[in-house]
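To convert, count from 1 in the sequence shown and add 62; that's the working numbering.
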Amino acid sequence: MTEPTRRRWRTAATGWLMVLALLVTDACSSAGSEVEDVHLVSYSKAAPWLAGLDPAEADEQIRDWARLALASSLGMDQDRIVDAMHDTTPLRDPLFDGLVEQPVGPGRSLFDGRTLHLLAPADDPHSARTLGRLLDQHRVDAGSDPVDVQVHQYRIRPENQKVELRAQDKIPTGEFRAANGYREAPVDQRAGLEDFLADTNHLSRLEVRGGQVWAAGWDWPDLPDGDVTLEDVSVLQRGYRPESGSGPGFSLDPKEISGVDEIRAAIPELAPGLVGQVAGGNLDPELARLAEEHLFGGGPSADELRARGLPADRTQLWALYKVLRGIPAVNEARYDGGIAGTEVGMTAFYSDLVMKDWVAGVGTGVPSGAVPGFVPNPEVPTPPGLCPPVGERSPPRESARLWLGQADGAFGYRTEAIDVGAQATRLFVRSNGPDGREVEPTHRMGRASAWWDRHYAEIADYEPEFWRLEELMRWSGALDWLSESGHGLPVLPDEEIRSDLRFADWHEQNGELRERARPASVSLPGRPESVLTVPSAAFPDCGLSNVYGGVSLGGALKRRGMPADNPLPPGLRRAEPIDPAATNVDPATGTARIRQLGDEGSPEGLTRVVRRGPDGASVATEGPPRREIPFGEARLRGEDGPRSFEARYRSDDHGTSTEVGMQGQPVASVAVLHPEVGRVRQTEVAVNLGMLGRFRELVKRDREAPEHGLENSPGFLFAYPAPGGTGFRFNEGWVTKTTEPPPSGLVVELPGHSYLGVDRPAQLSGVDLSRLAAVPDSFTMTYGELQRQVPDTATVYAATDRPTHQIRAIEPDDLVSVQIAQPIALPFEQADAAVRAGLVPVPEDERAWSLLGMGSVSAPPDPDQDIAFGLPPGAGGDWGSGPFGRSPVFIRPAFQVVLVTQCRQDDGIPPKLAEECAS
């Protein structure tokens, strides 16, 4: 497109009519008529979890719970639920970043094997877009559309801690797409392609039908327009010609400058007499000191700098600072695939430059305040626990590559078509490591870019030029596939494509762009167009950072080749690339092993194992170590080995239970219960915290009061000597404070080289045994039944002989004697009557107690209790009345210590009482 100012909004009369219709009906576009099906989801018993999240994340968490509640109320069994949610989590926490998806945005989707259920706000002003993007992503993941779609409009009612869901009628997917602006057309002729580009603003698919190329996309007239033209498509397609190299792309490459001419051009305010000194490397050290003090300390004044021949302009002074240290001082534009001087190239240049500037808080259009949740890096100090001690990290200044690229998980490749999902653009960041390798960025370098990556749509609504980049990314990835398939679209001849644009001029002529600060352009003799880095204001933090990078358009096929067939069933399938040799499903057990490959920003990838059984389903995810994981104001040690995340699901007529753990430690359980309240369906969501769910609070208390913070925390019972430090027993579990990192468990590093760790002891100590109070009546059950019923937040110990502490293998049909106990603050004899009521001491005998890894899946709780697990052994009994429920004495699952003795005559370990195993 050659006109100076592009259209940014499509304001056709039909578009305004559609907006008015949306406002009048308060419905999700034309997705189906509303039926009388009101469903209330109460989260009052889960609200304490929200207290640890910021307000925006709390709203996202409520949406996640609404989806889980919907799945349970629809009667989806645990296998369907784990298919739909194996790569997500019912509890949001920064701890889980990089291991599971934590979706953001107003919409959620849920696939039950036939119908795609879409949750969207009842007052969503852009409901067609919300629903359409979810539907597109499902098609990309599953490889096909669902049979039909059902929309569930929701309203969050914070005043009574409920979500109100109203279901609309199911509608066949084809009708749903058409009602929400979906268009299809042949595009292998110029007129057809131009009409399609004019009628749509969001590409969804390219397809080859009988040798003819068809395109499909969405027409959302009330939204910013990506405004892709035939000229843009022509530029992108020629970038995939064999002679074009690696494909279309753009980068601002950091380059050093040297010599009098280049220094004079880049730093024109530098006094002529000093230019030669800088070029020769012999500038007066006093002048270098003055420049540094002005940049980082606020002085001397601009007039003093000018009087000494130094530039008063901070950008030029920053360039001088870099030249004096022999590091790149300019960013040189590099265009790949023939996009130089084109409108495509200008959008890439603008997006790349503005993204880096805004992340650093530089420019007149920084979206602080305009986009809720966006905060530039300099305005958020690094948590103290993530700042390295002085001199520990070398070099102290971090340099990173920051770039916009293709989201591999947004493209679904098939022989005859390519589908494009919800968001095709990702923001990546990698830091420079030793020996020229790229490594994971520090928290301070990656925080704002990670937020941008997750909230790209919100940034693009604020600056529509990023929607244009998104559309170029969609078309680029689709044309990459089309060229590989041996087909193409009609294009303009090269002489009709404008290729002489310069960024500074283009930026000045496009006055509707959000960022109006003139780029710090420099013209170096014989070199491409370049810009200086505009420094942020000085801010106190661990150190300073530089960023550089670019825009990589579609190129996944050149990086990876055409993906192999995905062996996973549609409900379990995702579009992220997998290793087919390491991905399989066992047809006998339903166990799925998924090796998800990494992307440009995180090349290590993930491994997931999904297991199924009559008593529940589970997913275990393992990911690479991370050197920096924020944990409040402390640092979680993630570099010592692989990180793991576990979720276990069980579902039946009463509800759904999900246990969440990390590094083998319980985080919390989420229960979804189905009491009926009159004619209105109501679902209760309840959260019961495990030890990790409370750990952040304990870390904070210890930082605030290192001497007594843990002892003064709620739930503290007693302290005891531990190797290298002190152990602390809480209701929910054990915490150690040591001078060396514990060998296992989840560990937080504190200032002063001390460590807090969460881990279940391998053996119960004498101190622990003396502080246990037990339910008087033990009971006998099979080990398989025990696995089904015991809550994951409980801690299970098996009787062993003292010399070896080895647990004999237990088969599911073996009988075991079980006793439930809870920890108390004092030895049993010293506890008051209220604590001893209904409980007995655990007798000390010749047995030792070793930790038993259960791998269990809990039953859902009794609707009338906060959390209570279990059915009685056998088929009978009231819900929640069994041994792990409230009979005879209710002990919260997170507090339970379960003591198990094998009922074998030959194991050398007698039961406490002979009759325990008389069955």
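The C-beta atom is built at its ideal place from N, Cα and C for all residues, glycine as well.
- For the pair I559 and E666, the Cα-to-Cα distance works out to about 41 Å.
- Under the three-state reduction of DSSP, V337 is assigned to helix.
- Given a length threshold of 4 residues, each whole run of the alpha helix (DSSP H) inside the region 261–339 is given here in chain order: 292–300 and 321–328.
- A distance below 6 Å between beta-carbons, with the five flanking residues on each side excluded, links W380 to the following residues of its chain, in chain order: P597.
- Rounded to whole angstroms, the Cβ separation of G399 and P310 is 3 Å, and the two are in contact under 8 Å.
- Judged by their CB atoms, L464 and K418 are nearer to each other than the 8 Å cut-off.
- For Q658, the enclosing beta strand (DSSP E) has its first and last residue at A654 to Q658.
- By alpha-carbon distance to E690, the top candidate from Q140, H505 and I656 is H505.
- In this structure, DSSP gives F780 an extended state, which the three-state scheme calls strand.
- In this chain, the beta strand (DSSP E) harbouring L466 covers E460 to Q468.
- By the CB criterion at 8 Å, P676 and P687 fall outside the cutoff.
- In this structure N774 is exposed. Its beta-carbon is surrounded by fewer than 16 other beta-carbon atoms within 10 angstroms.
- Residue environment for A486: buried (at least 16 other C-beta atoms within 10 angstroms of its C-beta).
- Secondary structure in the region 371–449: the alpha helix (DSSP H) runs of 4 residues or longer, each lying completely within the stretch, are 376–386 and 405–421 in chain order.
- The region 296–307 makes contact with the region 391–408, as at least three CB pairs between them are under 8 Å.
- In the DSSP secondary-structure assignment, E746 is bridged to S104 and L735.
- With a beta-carbon spacing of about 6 Å, D821 and P804 fall inside the 8 Å limit used to define contacts.
- Nearest to V647 by C-alpha distance, out of L668, R673 and L659, is R673.
- The three-state secondary structure of G846, taken from DSSP, is helix.
- When secondary structure is reduced to three states using DSSP, I640 falls in the strand class.
- Distances from the CA of D907 to each of Y475, L877, R191 and T963 were compared; the closest alpha carbon is that of T963.
- In this structure, DSSP gives S171 an extended state, which the three-state scheme calls strand.
- Rounded to the nearest whole angstrom, the CA to CA distance from A893 to I886 is 8 Å.
- Linking D641 to D627 through their CA atoms gives a straight-line distance of about 10 Å.
- With fewer than three CB-CB distances shorter than 8 Å, the region 280–287 does not count as touching the region 506–518.
- Where K799 is concerned, the enclosing beta strand (DSSP E) starts and stops at G795 to T800.
- Setting aside the 5 residues that flank it on each side, K762 is surrounded in the same chain by G694, each with a C-beta closer than 6 Å to its C-beta; the list follows chain order.
- Assignment of S511 by DSSP, reduced to helix, strand and coil, places it in the helix class.
- Counting along the chain, no beta strand (DSSP E) covers K762; the unbroken alpha helix (DSSP H) around it starts and ends at M753 to E766.
- The beta carbon of V162 sits closer than 7 Å to those of D149, T150, T151, T683 and F707, all from its chain and outside the five residues before and after it, given in chain order.
- Annotated as proximal: E226 and L102, with beta-carbon spacing under 8 Å.
- In the DSSP assignment, F238 falls within the alpha helix (DSSP H) that extends over T235 to A241.
- Taking every protein chain shown into account, the CB of G361 has fewer than 16 other CB atoms within 10 angstroms, so this residue is exposed.
- For S832, the CB contacts under 6 Å within the same chain, skipping 5 residues up- and downstream, are P889 in chain order.
- Exclusion of the five residues before and after I329 leaves P373, Q378, A381 and L382 as the residues of its chain whose Cβ lies within less than 7 Å of its Cβ.
- A direct Cα-Cα distance of roughly 11 Å separates E256 from P248.
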